[in-house]
Amino acid sequence: MGRDGALAWLLVNDLNQPAEVFAVAEQLRAEIPAERFLVDVIDTLVEVYRRCGHQREALDLLSESLPRFSNSAILRYQHAAALLATSDEVQPRELARQGLALAKQWGVPAHRAADLEALLVQVNGN
Numbered sequence: 280m281g282r283d284g285a286l287a288w289l290l291v292n293d294l295n296q297p298a299e300v301f302a303v304a305e306q307l308r309a310e311i312p313a314e315r316f317l318v319d320v321i322d323t324l325v326e327v328y329r330r331c332g333h334q335r336e337a338l339d340l341l342s343e344s345l346p347r348f349s350n351s352a353i354l355r356y357q358h359a360a361a362l363l364a365t366s367d368e369v370q371p372r373e374l375a376r377q378g379l380a381l382a383k384q385w386g387v388p389a390h391r392a393a394d395l396e397a398l399l400v401q402v403n404g405n
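According to this note's numbering, the stretch in the sequence shown is residues 280 to 405, in order.
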């Protein structure tokens, strides 16, 4: 996670204040078009949405952002994680599997590597 996401990460995980972070994320989304966000900001917002149980919002932001950042390993990982959290259907699972394979190939940040491997096991049924 980039420096932009450090405060959000601390508030959601270490200080257990996800509601406050979610409110800020929603304000950002309402006031700033997604096309202005860079990958680190998108990653942070998606992580906040996912941690707060708002998978649909995470998927919406990723759907807007992935066409611009189609080669982003971290956004592919986030997309797969959100897909797996929202559906057990075959098509989303296959899309998640493909996204995770790309994210692994391209390399996710070290702090996400174990989570990526766990999702690969989940999606591959191993």
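Positions of the beta carbon are idealized from the N, C-alpha and C atoms, including for glycine.
Everything numeric in this text was worked out from a predicted model, so none of it was measured.
- Residue range Val369 to Trp385 is occupied by the alpha helix (DSSP H) that includes Gly378.
- For the options Asn350, Ser366, Ile311 and Arg391, the alpha carbon positioned closest to that of Arg335 is the one of Ser366.
- Here the alpha carbon of Ser349 sits roughly 20 Å from the alpha carbon of Leu399.
- If the five residues before and after Ile321 are omitted, its C-beta is found closer than 6 Å to the C-beta atoms of Ser344, all from its own chain and listed in chain order.
- Collapsing the DSSP output to three states places His390 in a helix.
- A straight line joining the alpha-carbon of Cys331 with that of Arg315 spans about 23 Å.
- Linking Leu381 to Leu395 through their CA atoms gives a straight-line distance of about 11 Å.
- Ala375 and Leu363 have their C-alpha atoms roughly 7 Å apart.
- Pairing Phe301 with Gly404, the inter-Cα distance amounts to about 32 Å.
- Put simply, the backbone Cα of Glu305 is about 12 Å away from that of Pro297.
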